[in-house]
Amino acid sequence: MQTKKIINDGNRAVDEMLEGILAAHPRHLKSVEGSPRSIIARDGPRQGKVGLVIGGGSGHEPSFLGFVGKGLADAAAIGNVFASPPPDPILECAKAVSGGAGVLFMYGNYAGDVMNFDMAAEMAAMDDIEVRTVLSTDDVASAPRDQRHKRRGVAGNFFIFKAAGAACDRMLSFDECERIAGKANDHTFTMGVALSPCSLPQTRRPNFEIGPDEMEIGMGIHGEPGIAREKLKTADEITDEMLDRILSEMTPTRGDKIAVLVNSLGSTPLMELYIMNRRVKQRLDDIGVSIHATWVGNYCTSLEMAGASITLHQLDGELQTMLDHPCDCAMFRAG
Amino acid sequence: MTAIDTAHLVAMFAAIATAMSADRDRLCALDGVIGDADHGIAMELGFSAARDAVAALDTGATDPASLLNTAAKSFLNAVGASSGPLYATAFMRGAAAIKGKTTLDDSDVVALFQAMAKGIQDRGKAEPGEKTMIDAWAPAAQAAGEALTSGKDLAGSLEAAAQAANAGAEATKSMVATKGRASRLGERSLGHMDPGAASAVTVIEAMRVALTS
Numbered sequence: 000m001q002t003k004k005i006i007n008d009g010n011r012a013v014d015e016m017l018e019g020i021l022a023a024h025p026r027h028l029k030s031v032e033g034s035p036r037s038i039i040a041r042d043g044p045r046q047g048k049v050g051l052v053i054g055g056g057s058g059h060e061p062s063f064l065g066f067v068g069k070g071l072a073d074a075a076a077i078g079n080v081f082a083s084p085p086p087d088p089i090l091e092c093a094k095a096v097s098g099g100a101g102v103l104f105m106y107g108n109y110a111g112d113v114m115n116f117d118m119a120a121e122m123a124a125m126d127d128i129e130v131r132t133v134l135s136t137d138d139v140a141s142a143p144r145d146q147r148h149k150r151r152g153v154a155g156n157f158f159i160f161k162a163a164g165a166a167c168d169r170m171l172s173f174d175e176c177e178r179i180a181g182k183a184n185d186h187t188f189t190m191g192v193a194l195s196p197c198s199l200p201q202t203r204r205p206n207f208e209i210g211p212d213e214m215e216i217g218m219g220i221h222g223e224p225g226i227a228r229e230k231l232k233t234a235d236e237i238t239d240e241m242l243d244r245i246l247s248e249m250t251p252t253r254g255d256k257i258a259v260l261v262n263s264l265g266s267t268p269l270m271e272l273y274i275m276n277r278r279v280k281q282r283l284d285d286i287g288v289s290i291h292a293t294w295v296g297n298y299c300t301s302l303e304m305a306g307a308s309i310t311l312h313q314l315d316g317e318l319q320t321m322l323d324h325p326c327d328c329a330m331f332r333a334g
Numbered sequence: 000m001t002a003i004d005t006a007h008l009v010a011m012f013a014a015i016a017t018a019m020s021a022d023r024d025r026l027c028a029l030d031g032v033i034g035d036a037d038h039g040i041a042m043e044l045g046f047s048a049a050r051d052a053v054a055a056l057d058t059g060a061t062d063p064a065s066l067l068n069t070a071a072k073s074f075l076n077a078v079g080a081s082s083g084p085l086y087a088t089a090f091m092r093g094a095a096a097i098k099g100k101t102t103l104d105d106s107d108v109v110a111l112f113q114a115m116a117k118g119i120q121d122r123g124k125a126e127p128g129e130k131t132m133i134d135a136w137a138p139a140a141q142a143a144g145e146a147l148t149s150g151k152d153l154a155g156s157l158e159a160a161a162q163a164a165n166a167g168a169e170a171t172k173s174m175v176a177t178k179g180r181a182s183r184l185g186e187r188s189l190g191h192m193d194p195g196a197a198s199a200v201t202v203i204e205a206m207r208v209a210l211t212s
């Protein structure tokens with residue numbers, strides 16, 4: 000049986016979505032002439048500033064293009080649903096945002112994205128644009144701790160891109176922007192849980208099977224299998240299970256400051272996210288960690304998947320400055 | 000001795016695109032088990048784009064290498080993903096292997112085929128045994144070369160390639176993924192055929208039929 004979706008044509012879904020986004024956010028976003036999958040901030044790229052290009056597959060909205068704007072990313076390259084963009088739109092983004100100080104490529108660590116962004120970086124080098132890459136690897140469930148570099152990038156992108164975007168906007172050097180981006184990644188930890196599958200617009204078939212009373216801890220934002228299939232538990236139990244894994248790696252000490260993101264994978268409502276966030280607050284209070292800021296809502300989704308992720312971003316003075324730096328994007332504002 | 004020209008290659012891409020459309024849902028289902036369920040979509044999209052792009056070429060004014068480069072670029076730009084860079088590199092390397100020729104004899108086609116496999120392996124940095132499409136492509140390329148050396152014609156060489164690809168794809172069921180999206184699964188990937196290896200079998204079989212019938 001096919002899933003229900005409000006679409007016209009599954010093969011046109013991404014381009015029609017982009018038309019709608021540009022119609023909604025003309026003050027923030029435009030596409031590159033002749034390259035409709037390259038979305039640029041109207042206000043942001045400028046001479047002497049390190050350019051920040053993010054990107055990845057569609058289906059994670061508001062990631063990635065929702066984080067394009069002044070103070071955050073200068074451009075996003077848009078792929079098909081759950082598929083990396085090809086090199087051409089990435090290259091067009093790099094050209095459009097290059098201010099002569101280098102261009103940073105930031106995206107989640109997936110084999111396809113790495114190949115396409117690397118090809119685009121090689122092409123940019125031929126146009127005398129120096130590109131460096133910082134991959135996000137915040138998904139605790141996707142590889143053991145000693146193989147952090149193999150982990151996926153998921154909702155923690157939000158904090159990682161935010162820090163890098165602030166560094167770029169503050170006109171820091173290419174070296175500093177790259178260092179801060181990498182540090183933000185090292186300080187960011189995410190765990191997800193999925194309750195029901197999503198379906199691609201082209202197939203409208205659930206992309207995995209899960210029992211009516213089951214949940215999958217650690218499932219990826221494309222429905223990649225996680226680390227454990229369990230009976231559905233209470234919000235507090237689920238939150239504890241996710242936090243236990245994050246805190247075992249982050250090991251904050253009393254007095255540390257943390258920023259929190261409780262993110263819906265698509266169809267899980269705010270009510271459930273806030274119930275989870277209540278437990279996050281209790282747990283962090285218990286260990287004497289103070290919460291500097293909290294975001295709750297849809298930040299990195301997986302189409303209509305039900306489920307949520309929790310991200311903790313461990314702050315120091317520098318990362319707090321970057322987090323508090325103002326930004327004005329189509330789907331996110333801060334400061 | 001077969002002589003493959005640009006028109007044959009146009010027909011070959013049409014045949015692969017048709018085969019991939021027919022195989023789309025099976026590939027998505029395989030990918031759904033250990034990946035993100037979009038492999039069949041990407042492969043159908045890529046080969047449809049390649050088919051359309053090469054069909055629009057003036058076959059009289061296009062040599063096989065130019066055709067393969069056109070196919071590579073159109074595949075890549077339609078797809079992105081993992082399969083985009085992998086198959087685009089395959090066709091570009093294939094083009095380099097037969098550069099300057101207007102018709103391809105048996106050994107040219109086998110050289111093209113082997114260059115495709117090498118391109119996929121280089122781009123993906125995968126080795127045989129890591130549960131990827133290279134587990135179908137690498138043995139297929141080797142089998143084609145050995146068959147040609149032992150005196151087989153193109154039909155016999157590609158028949159050997161198709162059989163080796165099929166056996167290679169079957170063998171991925173008993174492999175633990177260490178590359179690509181499925182690698183995060185570890186042992187949970189056991190028992191399932193790699194979707195990239197499965198689609199490679201479809202590509203290679205469609206190439207065999209189109210180039211030898």
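Residue numbers (numbering that gives the first Met the number 0), protein chains in the order written: chain D, 0 to 334; chain B, 0 to 212.
Don't be surprised by glycine CBs; every beta carbon is placed ideally from N, CA and C.
Assignment of ASP35 (chain B) by DSSP, reduced to helix, strand and coil, places it in the coil class. When Cβ-Cβ separations below 7 Å define contact, ASP37 (chain B) makes contact with chain D.
For ARG244 (chain D), the uninterrupted alpha helix (DSSP H) run begins and ends at 234-249, by DSSP.
Looking only at D:GLY316, D:LEU171, D:TYR109, the smallest Cα-Cα distance to LEU103 (chain D) is reached by D:LEU171. When CB distances to chain D are screened at a threshold of 7 Å, the residues of the stretch 72-101 of chain B falling below it are LEU75, ASN76, VAL78, GLY79, ALA80, SER81, GLY83, PRO84, in chain order. Taking 7 Å as the cut-off, the Cβ atoms of GLU129 (chain D) and GLY101 (chain D) count as close. By a beta-carbon distance limit of 8 Å, CYS328 (chain D) does not contact GLY58 (chain D). Their separation comes to about 19 Å.
Interface residue (Cβ-Cβ distance to chain B less than 7 Å): SER135 (chain D) is not classified as such.
In the three-state scheme derived from DSSP, where H, G and I count as helix and E and B as strand, ASP327 (chain D) is classed as strand. Straight through space, the alpha carbons of SER73 (chain B) and PHE207 (chain D) are spaced by roughly 30 Å.
Our two residues, HIS191 (chain B) and LYS151 (chain B), have alpha carbons roughly 33 Å apart in a direct line. Taking the Cα positions, LEU64 (chain D) is about 7 Å away from ALA74 (chain D). Burial state of GLY59 (chain B) is exposed, judged by a 10 Å Cβ sphere holding fewer than 16 other Cβ atoms. Rounded to the nearest angstrom, the gap between the Cα atoms of ALA164 (chain B) and ALA140 (chain B) is 9 Å. Straight across, the Cα-Cα distance linking GLY54 (chain D) with MET206 (chain B) is about 34 Å. Residue pairing by DSSP places PRO205 (chain D) opposite D:SER198 in a beta bridge.
In terms of Cβ geometry, GLU303 (chain D) and GLY334 (chain D) do not form a close pair [threshold 7 Å]. Looking only at B:ARG50, B:GLY79, B:SER81, the smallest Cα-Cα distance to LEU66 (chain B) is reached by B:ARG50. At a cut-off of 7 Å between beta-carbon atoms, ALA116 (chain B) makes no contact with chain D.
In the DSSP assignment, GLN1 (chain D) falls outside any beta strand (DSSP E) and carries neither an H nor an E.
Any Cβ of chain B closer than 7 Å to the Cβ of GLY55 (chain D) would place that residue at the interface, and such an atom is absent. Under the three-state reduction of DSSP output, PRO143 (chain D) falls in the coil class, being neither helix nor strand. Look at the beta carbons and you see the stretch 143-154 of chain D not touching the stretch 79-98 of chain D: under three pairs across the two are nearer than 8 Å.
Identification of residues in the stretch 149-160 of chain B having a C-beta nearer than 9 Å to some C-beta of chain D yields an empty set.
In terms of beta-carbon proximity, GLU215 (chain D) stays away from the interface with chain B, with every pair separated by 7 Å or more. Relative to the Cα of ALA110 (chain D), the nearest Cα in the group D:PRO85, D:ARG131, D:ALA93, D:ASP127 belongs to D:PRO85.
Contact between the stretch 133-141 of chain D and the stretch 150-159 of chain D is present: three or more C-beta pairs spanning the two stretches fall below 8 Å.
If you draw a 10 Å sphere on the C-beta of ILE33 (chain B), you find 16 or more other C-beta atoms in it, and that means buried.
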